[in-house]
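Residue numbers (the UniProt record's numbering): 1 to 449.
What follows is the structure, encoded as structure tokens:
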């Protein structure tokens with residue numbers, strides 16, 4: 001059953017904390033998933049959250065802290081001593097613990113690591129801290145289950161029992177040589193069906209997807225999506241098996257990248273969180289707002305060139321917002337589809353096929369929009385030439401904006417610039433300028449002004 005909380009439930013939780021009804025609180029939390037408890041903590045104040053965590057076992061508290069969103073977790077960590085954090089990290093996967101330690105100062109990290117009882121896990125965490133957050137090494141967990149290629153099935157099963165205590169879920173058994181070089185994998189089903197004295201080398205599968213520690217997190221996400229993997233092993237340059245990345249970490253990467261792209265498409269610098277301070281948020285939003293303002297000022301100056309035309313036929317001004325808005329909407333539609341395809345590595349057509357498809361769609365949309373607007377203007381204003389000016393301008397703007405929206409992300413991607421920029425204020429402002437220029441050019445040609 002999916003957990004849903006409401007304001008009344010949170011108030012009841014707060015009241016139970018205030019009255020120290022520990023039996024009720026423990027009973028409630030036993031029935032909840034760790035992610036649901038984390039969701040409740042978001043609604044409580046700092047003291048209440050600390051009270052709840054203190055009621056949990058170290059293992060359960062570790063699970064809850066792992067579920068708390070990264071941008072909010074730092075506030076939670078301030079409430080605990082180094083020894084308390086160490087007790088939690090003794091029960092965490094090494095990748096989650098490393099992520100949490102990254103949010104602490106160097107002095108605090110040293111205190112936590114030195115206080116951990118699980119020295120093997122502490123060493124794992126220390127190793128992971130050497131990798132950048134956005135690479136495979138920074139995503140991987142050290143805990144995994146592996147077997148030597150020369151072992152028998154019986155010995156491998158015994159090793160699985162021993163190693164499994166360190167791993168929350170066993171997705172697959174990795175096969176290595178005497179130097180820990182990754183050779184392949186073997187499924188648990190094959191192990192169960194094989195005779196006890198069967199050698200692993202006789203049943204393992206050498207074909208296996210893997211990533212290197214230095215590979216970018218987006219490459220890892222793309223690979224796991226492509227092959228529909230729940231887990232992927234991580235190796236170093238020598239091919240030695242170092243760890244594994246699970247699908248839950250990749251979901252976080254995909255979500256984060258989607259948020260960054262959405263922010264950039266909205267004209268916000270990446271890595272801005274709602275929990276950031278005012279100065280950081282202003283710094284993230286202001287640059288692209290200024291780009292929009294600059295574009296608007298250029299637009300205003302540009303329209304001044306056609307002041308005489310507007311003085312002769314003032315009704316032309318009525319349709320300027322229509323021209324600008326249509327160009328902006330078409331451009332954003334086109335660029336969004338291309339940005340999405342680039343993000344999913346889903347662009348398969350040749351350049352010519354893509355150009356013809358974009359042109360055909362723009363042509364049909366332009367004809368339909370232009371035709372509808374022609375009828376509207378002619379019916380309500382009774383001016384044939386004015387109707388032609390507006391409809392022809394709209395048709396042309398739709399064609400140009402569609403092509404620009406489709407081509408610009410591809411060009412940016414070619415130069416390793418985030419193509420999401422193409423759907424922000426940049427393309428909107430550019431299409432406004434082009435739309436107005438086309439509109440008045442057509443007006444001068446047909447109305448002789």
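Ideal Cβ placement from N, Cα and C applies to all residues, glycine included. Here the structure is a predicted model, which means the values were calculated and not measured.
Rounded to the nearest angstrom, how far is the Cβ of residue 34 from that of residue 64, given a contact under 8 Å?
Position 34 of the chain shown holds residue 34. Position 64 of the chain shown holds residue 64. So it is a contact: roughly 5 Å between Cβ atoms.
Can you give me the Cβ contacts of residue 150 inside the same chain, cut-off strictly under 6 Å, excluding the 5 residues immediately before and after it?
Here residue 150 refers to the residue found at position 150 of the chain shown. So the list is empty, once near-sequence residues are dropped.
At 4 residues or longer, and completely inside the stretch 84–109: list those alpha helix (DSSP H) runs for me, N to C.
94–101
I'd like to know whether the C-beta atoms of residue 145 and residue 125 end up nearer to each other than 8 Å.
Stepping through the chain shown from its first residue, residue 145 is reached at position 145. Stepping through the chain shown from its first residue, residue 125 is reached at position 125. Against a cut-off of 8 Å, the Cβ pair of residue 125 and residue 145 comes out as no contact.
How long is the line joining the alpha carbons of residue 446 and residue 304, rounded to whole angstroms?
Here residue 446 is taken as the residue at index 446 of the chain shown, counted from 1. Here residue 304 is taken as the residue at index 304 of the chain shown, counted from 1. So the two alpha carbons sit approximately 20 Å from each other.
Buried or exposed: residue 356, going by 16 or more other Cβ atoms within 10 Å of its Cβ?
Working through the chain shown from its first residue, we reach residue 356 at position 356. Burial call: exposed.
Take residue 450 and list the residues in its own chain whose beta-carbon comes closer than 6 Å to its own, dropping the five residues that flank it on each side.
Residue 450 cannot be examined here, being either before or after the span of the chain that is shown, 1 to 449.
Would you kindly work out how many angstroms separate the C-alpha atoms of residue 230 and residue 72, rounded to a whole number?
On the chain shown, position 230 is the one that residue 230 refers to. On the chain shown, position 72 is the one that residue 72 refers to. Straight-line Cα distance between these residues: approximately 27 Å.
I need the DSSP call for residue 128, collapsed to helix, strand or coil.
Counted from its first residue, the chain shown places residue 128 at position 128. Residue 128: helix per DSSP, three-state reduction.
Using the rule of at least 16 other Cβ atoms within 10 Å of the residue's Cβ for burial, across every protein chain shown, is residue 142 buried or exposed?
Taking the chain shown and counting its residues from 1, one reaches residue 142 at position 142. Residue 142 should be labelled buried.
May I have the straight-line CA-CA distance separating residue 232 from residue 60, to the nearest angstrom?
Taking the first residue of the chain shown as 1, we reach residue 232 at position 232. Taking the first residue of the chain shown as 1, we reach residue 60 at position 60. When rounded, the distance between both Cα atoms is 26 Å.
Classify residue 435: buried if its beta carbon has 16 or more other beta carbons within 10 angstroms, exposed otherwise.
Counted from its first residue, the chain shown places residue 435 at position 435. Burial call: buried.
Need the endpoints of the beta strand (DSSP E) that residue 147 sits in, please.
Translated into positions along the chain shown, residue 147 becomes position 147. Residue 147 -> beta strand (DSSP E) spans 146–148.
Within 10 Å of its beta-carbon, does residue 438 have 16 or more other beta-carbons around it, so buried, or fewer, so exposed?
As a first step, residue 438 must be located in the chain shown, where it is residue number 438. Buried, since its Cβ has 16 or more Cβ neighbours within 10 Å.
Buried or exposed: where does residue 431 fall if 16 or more other Cβ atoms within 10 Å of its Cβ makes it buried?
On the chain shown, residue 431 is found 431 positions in, with the first residue counted as 1. Classification for residue 431: buried.
Please go through the same chain and pick out, in chain order, the residues whose beta-carbon is closer than 8 Å to the beta-carbon of residue 398, but skip the five residues on each side of it.
Indexing the chain shown from 1 puts residue 398 at position 398. Taken in chain order, the residues that qualify are 326, 327, 330, 362, 365, 366, 369 and 370.
Write down the C-beta distance between residue 210 and residue 247 rounded to the nearest angstrom, noting that I regard them as a contact closer than 8 Å.
The sequence position of residue 210 within the chain shown is 210, counting from 1. The sequence position of residue 247 within the chain shown is 247, counting from 1. Actually they do not touch by this definition, with Cβ atoms about 15 Å apart.
Leaving out five residues before and five after residue 62 in sequence, what residues of the same chain have Cβ atoms less than 6 Å from its Cβ?
In the chain shown, counting from the first residue as 1, residue 62 sits at position 62. Taken in chain order, the residues that qualify are 88, 91 and 92.
Determine which residues share a DSSP beta bridge with residue 185 and list them.
Residue 185 sits at position 185 when you count from the first residue of the chain shown. Paired residues: 174 and 205.
Using only CA atoms, which one of 27, 120, 418 and 30 lies nearest to residue 340?
To locate residue 340, count along the chain shown from 1; it is residue 340. The shortest C-alpha separation from residue 340 is found at 418.
Near the ligand SAM: residue 225 beta-carbon under 7 Å from a heavy atom
This structure lacks the ligand SAM; in fact it carries no ligand of any kind.
Go through its chain and collect everything with a Cβ distance to residue 98's Cβ below 6 Å, but skip five positions before and after it.
For the purposes of this step, residue 98 is taken as residue 98 along the chain shown, with counting starting at 1. If we look at residue 98 and ignore the five residues flanking it on each side, its Cβ neighbours are 125, 128 and 129.
So is residue 334 buried or exposed if we call it buried at 16+ other beta carbons inside 10 Å?
On the chain shown, residue 334 is found 334 positions in, with the first residue counted as 1. Buried, since its Cβ has 16 or more Cβ neighbours within 10 Å.
Which of the three DSSP states, helix, strand or coil, is assigned to residue 1?
Taking the chain shown and counting its residues from 1, one reaches residue 1 at position 1. Its pLDDT being 48, under 50, residue 1 is placed unreliably by the model, and the measurement read from it follows with that caveat. In the structure shown, residue 1 sits in coil (DSSP, three-state: anything other than H, G, I, E or B).
Which same chain residues, not among the five before or five after residue 11, have their C-beta less than 6 Å away from its C-beta?
The residue labelled residue 11 in the question sits at position 11 within the chain shown. Excluding residues within five positions, none has a Cβ falling inside 6 Å.
With distances taken from CA atoms, which of 393, 395 and 359 is nearest residue 403?
By one-based count along the chain shown, residue 403 stands at place 403. Ranking 393, 395 and 359 by Cα distance to residue 403 puts 359 first.
Should residue 409 go down as buried or exposed, given a rule of 16 or more other Cβ atoms within 10 Å for buried?
As a position in the chain shown, residue 409 is number 409, starting the count at 1. Per the 10 Å Cβ criterion, buried.
May I ask you to report which of helix, strand or coil DSSP gives residue 194?
Locating residue 194 in the chain shown gives position 194, counting from the first residue. Reduced to three states, the DSSP call for residue 194 is coil.
What residue range is occupied by the uninterrupted alpha helix (DSSP H) comprising residue 233?
What you label residue 233 is simply residue 233 of the chain shown in a count that begins at 1. Run containing residue 233: none in the alpha helix (DSSP H); it sits in the beta strand (DSSP E), 231–235.
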